[in-house]
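Participant: If you read the sequence shown in this note's numbering, its first letter stands for residue 32, the second for the next number, and so on. Before I ask anything, here is the structure I am working with.
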Amino acid sequence: MKKLLLILMMAIAGLGPMLAHAQDLSDLQDIEDDGQLRSDSCRPYNPLWKRKRVQESRKSLELSTAFMNKKVVERTWSTGWAGKMTCYGTGNNVYLFTALNAGPLYVHFMDAMSDNNYWIKFDITITGPEKLRVKGGYLNNVFRLGNYQTSYKLRAELLDEAPGAEAQGRTKATFNGITSLVPIVMSGDGGADYTFGSGSSKQTYGEEAWAAMLNDTPASGWNTKHYVAFETLSVQFSPNQTTCSLAHDVNVMMPPVTLAALKKDSRGQGGEKSFTLPIVCRNPVNARTATRSITAWIASNDVVGDDDTGEIMINDDSDEEGVGVSLRKPNGERIIIANGIGPQNGATPLLTIQSHSPTEGRYNIPLVAYYQVFDRRSLSTGHVVATAQVMFGYD
């Protein structure tokens with residue numbers, strides 16, 4: 032199961048030059064019509080510390096015990112993406128649609144350790160804006176995504192039997208009790224019916240986003256020419272297995288630190304803040320031990336650089352570009368973070384539970400967050416934001 036860990040940093044005090052940000056010329060070429068910048072030209076922001084990617088926000092939903100007395104569960108949310116986008120033309124809008132592409136998604140939950148099989152039908156209804164005007168023009172071309180959100184409703188129905196022909200081409204399967212939906216996508220070009228390509232390769236944005244959802248495409252693999260942001264909903268349904276999740280979202284407010292203090296420290300560190308990750312684990316009815324092995328680690332789309340793992344995080348919603356956030360254990364061991372929401376890839380394990388071993392129900396994982404300089408040349412005043420996710424792997 033995956034649950035959001037949110038880390039918000041307070042302002043860094045001090046004085047320093049701001050680093051200018053270069054425009055992405057490939058984007059400028061892409062949004063020109065006969066040499067003129069056209070409207071609806073918003074693209075993902077290109078930070079200096081890593082390759083440009085579509086922004087991703089994430090939410091989690093635990094359904095393992097949700098259907099005990101009913102067949103239908105409904106939830107409503109507002110999108111929660113952060114970061115920036117660059118809009119080059121005038122008269123810009125952003126378009127919001129669901130990757131479910133005008134129809135339900137049927138997910139087949141198969142238990143690898145038993146003969147239990149379940150089908151859940153998911154529907155998404157957008158309840159907020161589907162088109163938003165971007166305020167500003169070409170000279171003020173960087174905008175915060177947080178100002179352009181929408182809302183949606185999820186309907187999940189536990190089916191009594193496998194669906195029929197109506198589910199053809201609209202299914203997804205999982206063996207570990209976890210699946211991902213993409214309830215909302217943001218594009219700077221057009222809505223779900225916006226077309227691209229020609230001939231046999233012609234398709235709509237809705238079809239492309241649907242394929243990305245079915246293939247669990249990471250944020251780094253989404254088309255930066257077509258999309259600005261998307262929200263992922265991680266759903267867990269394992270009624271007959273041990274499951275773990277973060278008890279609630281965690282916000283860590285870092286103390287202010289001066290540029291002089293960061294520059295003076297030989298390691299480029301400062302502003303420590305201790306916090307705890309509350310992880311809860313649930314066994315199926317009448318089980319006293321874990322039914323499978325479980326490992327927890329931290330992953331983030333905000334890791335500096337493009338390697339599989341890293342130790343420093345910074346979101347492009349930050350004003351400061353030379354310092355990020357790192358994590359360590361109380362004993363000083365630095366936390367290695369998976370780059371992108373996905374496999375462990377060598378990230379530091381936070382929690383390991385062996386199959387058939389007793390479970391405590393709740394585990395409080397102590398950690399320390401601190402500022403970490405990664406580019407002394409670009410240090411400046413501002414605030415730093417980083418987000419991460421607690422991931423759970425089951426064997």
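Think of the CB as a built atom: it goes at the ideal place given N, C-alpha and C, for glycine as much as any other residue. Note that the coordinates shown come from a computational prediction; the quantities given were computed from them, not determined experimentally.
(1) Residue 86 and residue 216 - do their beta-carbons sit closer together than 8 Å?
(2) Ignoring anything shorter than 3 residues or poking outside the segment 58–137, list the beta strand (DSSP E) runs there in chain order.
(3) Ends of the beta strand (DSSP E) at residue 212?
(4) Write down every uninterrupted run of the beta strand (DSSP E) in the segment 242–268 whose length is 3 residues or greater and which is fully enclosed by it, in chain order.
(5) Less than 8 Å separating the beta-carbons of residue 300 and residue 425?
(6) Have a look at residue 244 and residue 296 and give me their C-alpha separation to the nearest angstrom.
(7) Can you find at least 3 beta carbon pairs, one from the segment 105–121 and one from the segment 196–204, that sit closer than 8 Å?
(8) By the three-class DSSP mapping on this structure, what secondary structure does residue 52 have?
(9) What is the DSSP secondary structure of residue 46, reduced to helix, strand or coil?
(10) Between residue 417 and the rest of its own chain, which residues show a CB-CB distance below 6 Å, the 5 nearest in sequence each way excluded?
(11) Since residue 173 and residue 76 should fall inside the 8 Å C-beta cutoff, what is the C-beta to C-beta distance between them, to a whole number of angstroms?
(12) Let me make sure I understand the geometry here. Which of 294, 192, 399 has the alpha-carbon closest to that of residue 364?
(13) What does a CB cutoff of less than 6 Å around residue 348 pick up in its chain, not counting 5 residues either side in sequence?
(14) Please list the terminal residues of the continuous beta strand (DSSP E) segment that includes residue 163.
(15) May I ask you to list the residues that DSSP assigns as paired with residue 182?
(16) Would you say the beta carbon of residue 197 is closer than 7 Å to some non-hydrogen atom of the ligand FAD?
(17) Could you check what DSSP says for residue 152 in three-state terms: helix, strand or coil?
Facilitator: Well, looking at it:
(1) no
(2) 73–75, 86–93, 103–109, 115–118, 124–128
(3) 209–218
(4) 260–267
(5) no
(6) 44 Å
(7) no
(8) Its pLDDT being 39, under 50, residue 52 is placed unreliably in this model, and the value from its coordinates should be taken loosely. The answer is coil: DSSP assigns residue 52 none of H, G, I, E or B.
(9) For residue 46, the predicted model reports a pLDDT of 27, less than 50, meaning its position is unreliable; a value from the coordinates is still stated below. If DSSP states are grouped into helix, strand and coil, residue 46 belongs with coil.
(10) 38, 333, 344, 345, 346, 356
(11) 7 Å
(12) 399
(13) 113, 114, 416
(14) Per DSSP, residue 163 belongs to the beta strand (DSSP E) from 162–164.
(15) The partner list for residue 182 (beta bridge, DSSP) reads 109.
(16) Looking at this structure, you won't find the ligand FAD or any other ligand, since it has none at all.
(17) strand
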